[in-house]
Every structure is written in structure tokens, then in C-alpha cells.
């Protein structure tokens, strides 16, 4: 599909006006699903512990569900990071913040760390020096998985280590304390469980699912939508793409370009907004060839 | 306080080796019911495995 000639002849201002008109139709739509998803996902993950410990659920099944829970826990927080659930000063602001703080507990990712670094990612997407997610850049899918694992090694400079550098750079080193507390509690619980005779349960309900979930999240939320992560600028720093597991399997990231252009559009509205905007994006020279 | 937290994280791999990998390895060995060499108990074998992996990760700065 090519952009209609009439669109290509429009000026930048006219294209922007059209794009904003479409975006406006989707912004401020309450994301019921994301809110329900946040609490349901956390509740299921928490329920796994007693179910497995009491022998009601086999550990292997708990491991599979926990891996899904951890992979799925980031996106509701992502909606909160962009104030999509409720803006500051509004009646439901508490819900926005509750979703932001609670949903990423299985991932051991503090909300303030996630929010501040994610907003920096939007401001500096694909900038090797300033984008906190640039360390996920890789040559291909397998390399992306390997890079994600390498970024989690103790001496790694990328991944969460680059989040720490970002927080220092933007003058918020105080937020590092959140990360320190989260990690101390996480490892404290793991060690406590392990030395109480529940090492396998701790490994398969939290430690390993966290690694799997983080790899999946970084693959689909950081690597795939920005690959090859070399272009900068509003219309070039991200793309649309066709994912092997579809839009649900890629956690809605096939239409990530819409999110970068208009971050306050809820995730569930990005496919509709994308198809409405597509001719405009094509006229803009966006990377939308595969979808 | 911050200095203590910094110290804990500096020795993270070694602590993880003894704090988590060791009991994990011991419990895997126990469930597998393997006969261990030199009359080692699962706990001693777990401490050896976890401690060694943690020490290597501490020196190399990476687990894999």
C-alpha cells in the first residue's frame, strides 16, 4: 500500500494536524483491560506460591504460569508510566500509581526506576549515549536474546546498569535506593526460601521466570520495535513489524511506532490508530514496510 | 547504610553462590538421589558447587 498522492503533497504541518486528529480519538480512553490485567496477573502469580507449596499445583505447571506472569507484568505498569490510566491531579490518579507500583513486583522492577528511565528512552530513542535501552541493540533475534542475557551479568554495562547511569545523569540518583531495596528484598526472600528447603520452588516460581520474562520483554519491547536501532528522530527511531507470534504474542509491540508518536494512546488502541495513521506514516517515510 | 548496601552488591555473585546456588544444588542432588563421591553429603556438594560458581562469577564478572 502506498500513501495517496494527495497525502504526499501535504505540508508537514498539515500531516501533523491529520496525525493529531487521529491520535485524539484514542487518547483518554480508559484502559480497563490493562487495569484488570495488572491485578489479575499479580494475583495469579501470588496464588502460585501456596498452590505449589500445598501440592495442589505441580511445580512444573507453576513454573510455566509464573514465566507467563512475569513476561506479562510489565505492560500495565507501562500504561501507568505514561499516565494513561489517570493523569496527575485526577480522581483516579491513585489507581494509576497502584498499577505502576504493583504490577512489576514479579519482575523486581521499581516503578520510579521504570518510569524515569522509560521516559528518557522516549526522549533519546536509539541514541547510544543517552537511550537507557540502547544496550539491547543486536544483529538478529538470537543475538538479541544473548545480548539480553549478557546485559544481566554482574559486570555488565548495559541493561539495568545503564538504568543506574541514566538516573545519575538526570539528577535522580535517589531513585537507585528503590532498586537497592527491591533487590535486597528479592534476594533475601530467595535465600530464605532456599535455606528453608524450598530452593527449587524459589528458582522455578521467581528466579528463572524472572530471567525468562525479562528476556521476552526486552526482546519484544526494546529490541524488535527499534531494530536496527540506528536511526534517530520522531518518525525513524521505531517501526511497525510483523511478529512471529502475532500482536498478542509480541505484547502489542507490532504497532510500537504509534506508541512512540503518541505515548498516551492506550496499548489496546494502538492497532486501530496505526491502521488509521498508516498513509500518513508512509508519507512521512516511516519504517512500516512489513505491516 | 549505603556503604553496607554497596558492599553487599559488590560481592553479589559470591553471596548468590552461597546463598542460593548452594542450597539449590544440594536440593537437586538430594531429589536426584545420586551417590556422591568421597562420601560428600548433598549440602557439602551444594556448597562446593555454589561457592565455586559464585567465586568464578565474582572474578569474571559474569555467570555465563
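Chains as they are written, first to last, in my numbering: chain A, 16 to 306; chain B, 336 to 399. Note that beta-carbon positions come from the ideal geometry of N, C-alpha and C, so glycine has one too.
{"Query": "Beta carbon of residue 122/A nearer than 8 Å to that of residue 67/A", "Result": "no"}
{"Query": "Buried/exposed call for residue 174/A, threshold 16 Cβ in 10 Å", "Result": "buried"}
{"Query": "Exposure label - residue 63/A; buried when at least 16 CB within 10 Å", "Result": "buried"}
{"Query": "Whole-angstrom distance between residue 140/A and residue 381/B, CA atom to CA atom", "Result": "44 Å"}
{"Query": "Under 8 Å from the C-beta of residue 354/B: neighbouring residues of chain A", "Result": "202, 205, 206, 209 and 210"}
{"Query": "Whole-angstrom C-beta distance between residue 129/A and residue 152/A, which should lie under 8 Å", "Result": "At roughly 20 Å, the Cβ-Cβ gap does not stay under 8 Å, so residue 152/A and residue 129/A are not in contact."}
{"Query": "CB contact below 8 Å: residue 398/B versus chain A", "Result": "yes"}
{"Query": "Any chain A beta carbon closer than 8 Å to residue 367/B", "Result": "no"}
{"Query": "Exposed unless 16 or more other CB atoms sit within 10 angstroms - verdict on residue 368/B", "Result": "exposed"}
{"Query": "Rounded separation between residue 163/A and residue 59/A - CA only", "Result": "26 Å"}
{"Query": "Residue 109/A, buried or exposed, once every other Cβ within 10 Å from all chains shown has been counted against 16", "Result": "exposed"}
{"Query": "Nearest-angstrom beta carbon gap, residue 48/A and residue 250/A [assumed within contact, 8 Å]", "Result": "Not really, about 29 Å apart at Cβ, beyond 8 Å."}
{"Query": "Cβ neighbour criterion (16 or more within 10 Å) applied to residue 255/A", "Result": "buried"}
{"Query": "Bounding residues of the alpha helix (DSSP H) (the contiguous stretch that carries residue 128/A)", "Result": "126-138"}
{"Query": "Nearest-angstrom Cα separation, counted from residue 291/A out to residue 22/A", "Result": "13 Å"}
{"Query": "Residues that residue 215/A contacts on chain B, provided the C-beta gap is smaller than 9 Å", "Result": "359, 362, 363 and 366"}
{"Query": "Option nearest residue 89/A by Cα separation, candidates 77/A, 115/A, 106/A and 104/A", "Result": "115/A"}
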